[in-house]
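Let me begin by presenting the structure, written as structure tokens, before commenting on it.
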Amino acid sequence: MNLSKRLLALASFIDIGDRLADIGTDHGYLPIFLANRGNNYIVAADLNKGPYETALKNVQKVGLSAKIDVRLGDGLSVLKPGEVDTAIIAGMGGATIVDILSGQPLIVQGLKKLVLQPMTDEDILRKWLMTNGWVIDDEELVQEDDKIYTVIMARKGAGFRLKEEEILYGPVLLARKHPLLKEKLEKELEHRKRIMAQIKRQGSIQAREQSEKMSAEIKRLEEVLECLLNAKPL
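Residues are numbered in this note's numbering as their position in the sequence shown, beginning at 1, plus a constant of 5.
Structural data, given as structure tokens:
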């Protein structure tokens, strides 16, 4: 099975011995790939009946029902405490991922590793990890077509503190000066400049307040980009 670059990036953080759950499995392609690679205990779960039935058919079609248990349910509620040690939660907003993790503390307590791919609100997710006993062990950026996706791998750990820029843009990505980070931040900068132009046209008091906030975000992005371009410390 040929996986997309995004799913391959998720798979790269999974070890053969991991007992894992793929939350929001969609078609079940990632669990099938991992089972064929050697993972023997996988829960593939989806909240919606359509993707659940599709994943179930795909797993049965390739004869992997003994390794992959496809379940219908909301987030981590499909799991029993201690059943798996790794959770993959991908293709959702960072705030939604935080809600999923916060909603099942007993399940999360039994996990050793999280592999997360937030579509938005990376800062909210990193801040939650930092304040809830997780250490960001690795990060990756992967490009598909014109989109750049962030993958975060976290493990249990204490005493993990991040600077504001690390919360926003990723401690590992910044430390490594990931080759795609500059392009990602440049896109974010252009997006904010477009929003800024729209805000300025409004002229209200609320717009002025929004303008000040957006100006600060633009300045921060420009400073980080300058550091990346000129190999300066943050």
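Ideal placement from N, C-alpha and C gives every residue a C-beta, glycine not left out. Here the structure is a predicted model, which is why all the values come from computation and not from measurement.
_Can you tell me whether residue 204 is buried or exposed? The criterion is at least 16 other CB atoms within 10 Å of its CB, across all chains shown._
Here residue 204 corresponds to residue number 199 of the sequence shown, with the count starting at 1. Residue 204 comes out buried.
*asked:* Rounded to whole angstroms, what is the Cα-Cα separation between residue 19 and residue 172?
replied: Counting from one through the sequence shown, the residue named residue 19 turns up at place 14. Counting from one through the sequence shown, the residue named residue 172 turns up at place 167. Their Cα atoms are separated by approximately 24 angstroms.
*When the Cα atoms are used, what is the spatial distance from residue 206 to residue 187?*
Within the sequence shown, residue 206 is the residue found at index 201, counting from 1. Within the sequence shown, residue 187 is the residue found at index 182, counting from 1. Roughly 29 angstroms between the two C-alpha positions.
_Taking the alpha helix (DSSP H) that residue 1 belongs to, which residues open and close that run?_
Residue 1 lies beyond the residue range present for the chain, which begins at 6 and ends at 239; the question has no answer from this structure.
*At what residues does the alpha helix (DSSP H) containing residue 85 begin and finish?*
Here residue 85 corresponds to residue number 80 of the sequence shown, with the count starting at 1. From DSSP, residue 85 is part of no alpha helix (DSSP H); its letter is neither H nor E.
*Buried versus exposed, by CB contacts within 10 Å (16 or more), residue 166*: Locating residue 166 in the sequence shown gives position 161, where the first residue counts as 1. Under this definition residue 166 is an exposed residue.
*asked:* Rounding to the nearest angstrom, what Cα-Cα distance links residue 143 and residue 197 in this structure?
replied: Here residue 143 refers to the residue found at position 138 when the sequence shown is read from its first residue. Here residue 197 refers to the residue found at position 192 when the sequence shown is read from its first residue. Near 27 angstroms, if we compare the C-alpha coordinates of residue 197 and residue 143.
*Beta-carbon contacts of residue 112 that lie in its chain and below 7 angstroms, excluding the five residues immediately before and after*: Within the sequence shown, the letter at position 107 stands for residue 112. Answer for residue 112: 81, 84, 86, listed in chain order.
_Limits of the alpha helix (DSSP H) - the one that residue 99 falls within_ = The count along the sequence shown starts at 1 and reaches residue 99 at position 94. Where residue 99 is concerned, the enclosing alpha helix (DSSP H) stretches over 99-108.
*Do we get a CB-CB distance below 7 angstroms when we pair residue 187 with the residues of chain B?*
Checking the listed chains, one finds no chain B in this structure; it contains a single protein chain.
*Beta-carbon separation of residue 120 and residue 141 under 7 angstroms?*
To locate residue 120, count along the sequence shown from 1; it is residue 115. To locate residue 141, count along the sequence shown from 1; it is residue 136. Their beta carbons are not under 7 angstroms apart, which means residue 120 does not touch residue 141 by this criterion.
*asked:* Is it the case that the region 91-107 contacts the region 55-68, given that we only count it when at least three CB pairs across the two stretches are under 8 angstroms?
replied: no
*asked:* Do residue 11 and residue 147 have their beta-carbon atoms positioned less than 7 angstroms apart in this structure?
replied: Taking the sequence shown and counting its residues from 1, one reaches residue 147 at position 142. Taking the sequence shown and counting its residues from 1, one reaches residue 11 at position 6. Going by C-beta atoms, residue 147 is nearer than 7 angstroms to residue 11.
_Contact check, residue 102 vs residue 123, beta carbons under 7 angstroms_ = Mapped onto the sequence shown, residue 102 falls at position 97. Mapped onto the sequence shown, residue 123 falls at position 118. Their beta carbons are under 7 angstroms apart, which means residue 102 touches residue 123 by this criterion.
*DSSP state of residue 213, grouped into three classes?*
Taking the first residue of the sequence shown as 1, we reach residue 213 at position 208. Note: residue 213 maps to helix in three-state DSSP.
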